[in-house]
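In full-length UniProt numbering, the protein residues as written are 1 to 103. This report concerns only the one structure given below.
Next comes the structure, spelled out in structure tokens:
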């Protein structure tokens with residue numbers, strides 16, 4: 001006889017769970033890399049709000065932030081890391097399991 005099964009909510013990642021961070025990783029899971037301004041527009045937040053959430057994702061190792069120039073204009077790019085992609089996939093699998101009533 002086996003013991004109790006862990007509830008899928010235990011697989012939710014607190015770093016990813018805020019909607020803006022979830023949205024950023026969802027976009028990066030498909031495109032892998034995106035310029036800051038395009039990400040800001042895609043998730044419909046201010047530059048300040050995106051920067052705050054980027055910092056949390058970067059500290060967790062889920063994204064890499066690269067700075068450079070296009071011509072003379074400074075640019076910032078966000079790229080998902082493999083640990084970030086793995087964490088995002090676990091998180092979305094847990095959300096799906098919860099929504100289906102699985103435990």
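The C-beta atom is built at its ideal place from N, Cα and C for all residues, glycine as well.
Straight-line CA distance for residue 45 to residue 6? Sequence index remark: in the chain shown, residue 45 carries index 45 (1-based). Sequence index remark: in the chain shown, residue 6 carries index 6 (1-based). C-alpha separation (whole angstroms): 35 Å.
Which of the three DSSP states, helix, strand or coil, is assigned to residue 16? The residue labelled residue 16 in the question sits at position 16 within the chain shown. If DSSP states are grouped into helix, strand and coil, residue 16 belongs with coil.
Comparing C-alpha positions only, which one of 10, 47, 30 sits nearest to residue 76? As a working mapping, residue 76 is identified with position 76 in the chain shown. Nearest option by C-alpha distance: 47.
Tell me which residue opens and which closes the alpha helix (DSSP H) that residue 82 is part of. Residue 82 sits at position 82 when you count from the first residue of the chain shown. Counting along the chain, the alpha helix (DSSP H) containing residue 82 begins and ends at 82-99.
Are three or more beta carbon pairs between the region 92-99 and the region 31-39 nearer than 8 Å? no
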